[in-house]
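J.: The opening position of the sequence shown corresponds to residue 520 in the numbering used here, with each subsequent residue numbered one higher. The structure's right below; bear with me while I get my questions together.
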Amino acid sequence: MKKFATLLAPFCLAACVGIVDAGTLVDVNVTDRTTGEQLEVYRHQGRLYVAGKPGNRYAVSLRNKSGGRLLTVISVDGVNALNGQTAATSQSGYVISPWQAAEISGWRKSMDDVAAFYFTSIADSYAGRTDRPQNVGVIGVAVYREAEPLPPPAQAAFSARERVDQGSADRATGSEEAQSRPQANAQANAPASAAPERSEALSKKAEGRLGTGHGERISAPTQYTEFRRASDTPSEIVTIYYNSRANLLAQGVIPRPPHYGRTNPAPNPFPAGFVSDPRS
Numbered sequence: 520m521k522k523f524a525t526l527l528a529p530f531c532l533a534a535c536v537g538i539v540d541a542g543t544l545v546d547v548n549v550t551d552r553t554t555g556e557q558l559e560v561y562r563h564q565g566r567l568y569v570a571g572k573p574g575n576r577y578a579v580s581l582r583n584k585s586g587g588r589l590l591t592v593i594s595v596d597g598v599n600a601l602n603g604q605t606a607a608t609s610q611s612g613y614v615i616s617p618w619q620a621a622e623i624s625g626w627r628k629s630m631d632d633v634a635a636f637y638f639t640s641i642a643d644s645y646a647g648r649t650d651r652p653q654n655v656g657v658i659g660v661a662v663y664r665e666a667e668p669l670p671p672p673a674q675a676a677f678s679a680r681e682r683v684d685q686g687s688a689d690r691a692t693g694s695e696e697a698q699s700r701p702q703a704n705a706q707a708n709a710p711a712s713a714a715p716e717r718s719e720a721l722s723k724k725a726e727g728r729l730g731t732g733h734g735e736r737i738s739a740p741t742q743y744t745e746f747r748r749a750s751d752t753p754s755e756i757v758t759i760y761y762n763s764r765a766n767l768l769a770q771g772v773i774p775r776p777p778h779y780g781r782t783n784p785a786p787n788p789f790p791a792g793f794v795s796d797p798r799s
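In structure tokens, the structure reads:
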């Protein structure tokens, strides 16, 4: 069983009540920390969107709706918010206690603080400044249930011969793993060399979109805990896309307000049927 750096999510003292239930196990919303308001969630073509204001700090608000502990792996712009790696669902995350709420307000820098999330241009975003602008504009939360406690190991008696054989097998397995590890690391790192070549073109293409910056340090103490996943795949993945209000209006994500002005494009030469009396 692999071990991951698993942290307890910072407890949210204020109630994180969702405007829309974004998940079955976990409510996920985005809170504007500059104004204190929870951003309205818009549904469009099966996706969830929020409108961010450039320069404003924000947090990912989570609420555990289950009676068990849950592991949440947080991805912002395709980057793991806890360890800064290109995000994968199998990575480290935050554990939320049953029925509790939490706020993830920045990139984890230590056990005591984070670098604040804030809405900004792609060029200024953390993903853009680390040559990974391909997935800017999306927040993802992969949710895992906790496995049932393991039963105590059965006591078994082994002969000296069996212990020697078992030790040899363990050493052989360890040797095979050691030989395969450099190859796996090389495969994982191979695409990275091509990323800087593509980043400039992608940044220009998405010049008007929003990303998430690496802001000032803010206090967010946490601690390590143990968590064993019930399965290798997430129980659910909640995805929220974000952009500026102007861009979401242009894309048709945010409905435009009704227009109550003149509906006729040209003035009417005969607006009434009869001549009225003049003023005296």
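The C-beta atom is built at its ideal place from N, Cα and C for all residues, glycine as well. Please read all numbers here as calculations on a predicted model, not as lab measurements.
List the residues that DSSP assigns as beta-bridge partners of residue 619.
T.: In the sequence shown, residue 619 corresponds to position 100, counting from 1. Per DSSP, none; premise fails for residue 619.
J.: Could you check whether residue 561 and residue 638 sit closer than 9 angstroms to each other, using their CB atoms as the reference points?
T.: To locate residue 638, count along the sequence shown from 1; it is residue 119. To locate residue 561, count along the sequence shown from 1; it is residue 42. No; because the gap between Cβ atoms is not below 9 angstroms, this pair is not in contact.
J.: Terminal residues of the continuous alpha helix (DSSP H) containing residue 647?
T.: The residue you call residue 647 lines up with position 128 of the sequence shown. 645-648 is the span of the alpha helix (DSSP H), which, as asked, contains residue 647.
J.: From the beta carbon of residue 667, is the nearest beta carbon of chain D less than 9 angstroms away?
T.: The chain inventory of the structure shown lacks chain D, comprising one protein chain alone.
J.: Any idea if residue 735 is buried or exposed, counting beta-carbon neighbours within 10 angstroms, 16 or more meaning buried?
T.: Counting from 1 along the sequence shown, the entry for residue 735 is found at position 216. Exposed, by the Cβ-count rule.
J.: Which residues does DSSP list as the beta-bridge partners of residue 559?
T.: Taking the first residue of the sequence shown as position 1, residue 559 is located at position 40. Note: residue 559 sits in no beta bridge, so no partner.
J.: Give the range of the beta strand (DSSP E) segment to which residue 548 is assigned.
T.: As a first step, residue 548 is located in the sequence shown; it is residue number 29 there, counting from the start. Per DSSP, residue 548 belongs to the beta strand (DSSP E) from 545-551.
J.: CA-CA distance, residue 665 and residue 656?
T.: The residue you call residue 665 lines up with position 146 of the sequence shown. The residue you call residue 656 lines up with position 137 of the sequence shown. Rounded to the nearest angstrom, the two C-alpha atoms are 30 angstroms apart.
J.: Please classify residue 762: does DSSP put it in a helix, a strand, or coil?
T.: Counted from its first residue, the sequence shown places residue 762 at position 243. Strand at residue 762.
J.: Alpha carbon to alpha carbon, how far is residue 659 from residue 589? Give it in angstroms, no decimals.
T.: Position 70 of the sequence shown, counting from 1, holds the residue named residue 589. Position 140 of the sequence shown, counting from 1, holds the residue named residue 659. Approximately 15 angstroms between the Cα atoms of the pair.
J.: So which of 738, 553, 623 has the shortest CA-CA distance to residue 581?
T.: Residue 581 sits at position 62 when you count from the first residue of the sequence shown. Comparing Cα positions, the closest option is 623.
J.: Can you find the residues in the same chain that come closer than 8 angstroms, C-beta to C-beta, to residue 551, ignoring five residues on each side of it along the sequence?
T.: Locating residue 551 in the sequence shown gives position 32, counting from the first residue. 557, 558, 571, 572, 575, 576, 577.
J.: Pull up the distance between the alpha-carbon of residue 762 and that of residue 567, whole angstroms please.
T.: On the sequence shown, position 243 is the one that residue 762 refers to. On the sequence shown, position 48 is the one that residue 567 refers to. Cα-Cα distance, rounded: 11 angstroms.
J.: Going along the chain, which residues of its own chain have a beta-carbon closer than 7 angstroms to the beta-carbon of residue 612, five neighbours each way excluded?
T.: Here the question's residue 612 lines up with position 93 in the sequence shown. Cβ neighbours of residue 612 beyond the five flanking positions: 525, 590, 591, 592, 593, 601.
J.: Measuring CA to CA, which of 733, 771, 608 is closest to residue 478?
T.: Not covered by the structure: residue 478. The range shown for the chain is 520 to 799.
J.: Could you give the first and the last residue of the continuous beta strand (DSSP E) run that contains residue 542?
T.: Residue numbering aside, residue 542 sits at position 23 when the sequence shown is read from its first letter. That residue, residue 542, is in no beta strand (DSSP E); it is neither H nor E in DSSP.
J.: Could you tell me whether the stretch 635-650 touches the stretch 727-747, where touching means 3 or more Cβ pairs closer than 8 angstroms?
T.: Output reads yes: the stretch 727-747 touches the stretch 635-650.
J.: Have a look at 633, 753, 759 and flag the residue whose alpha-carbon is nearest the alpha-carbon of residue 739.
T.: On the sequence shown, residue 739 is found 220 positions in, with the first residue counted as 1. Nearest of 633, 753, 759 to residue 739, Cα basis: 633.
J.: How big is the Cα-Cα spacing for residue 615 and residue 583?
T.: Indexing the sequence shown from 1 puts residue 615 at position 96. Indexing the sequence shown from 1 puts residue 583 at position 64. Cα to Cα, residue 615 sits roughly 6 angstroms from residue 583.
J.: Assuming residue 749 and residue 663 make a contact with CB atoms under 8 angstroms, what is their CB distance in whole Å?
T.: Position 230 of the sequence shown, counted from the first residue, corresponds to residue 749. Position 144 of the sequence shown, counted from the first residue, corresponds to residue 663. Residue 749 to residue 663, Cβ: 7 angstroms. Contact.
J.: Using the three-state DSSP reduction, which class does residue 589 fall into: helix, strand or coil?
T.: Taking the sequence shown and counting its residues from 1, one reaches residue 589 at position 70. Reduced to three states, the DSSP call for residue 589 is strand.
J.: Can you check whether the CB of residue 755 is closer than 9 angstroms to the CB of residue 635?
T.: As a position in the sequence shown, residue 635 is number 116, starting the count at 1. As a position in the sequence shown, residue 755 is number 236, starting the count at 1. Not in contact: residue 635 and residue 755 (Cβ atoms no closer than 9 angstroms).
J.: Within the continuous beta strand (DSSP E) that includes residue 735, where are the two ends?
T.: Position 216 of the sequence shown holds residue 735. Looking at the DSSP string, the run of the beta strand (DSSP E) that includes residue 735 is 729-738.
J.: Work out the CA separation of residue 773 and residue 554 for me, nearest whole Å.
T.: In the sequence shown, counting from the first residue as 1, residue 554 sits at position 35. In the sequence shown, counting from the first residue as 1, residue 773 sits at position 254. Roughly 20 angstroms between the two C-alpha positions.
J.: By a C-beta neighbour count over all protein chains shown, 10 Å radius and 16 as the cutoff for buried, is residue 586 buried or exposed?
T.: Position 67 of the sequence shown, counting from 1, holds the residue named residue 586. Counting Cβ neighbours within 10 Å, residue 586 comes out exposed, since fewer than 16 surround it.
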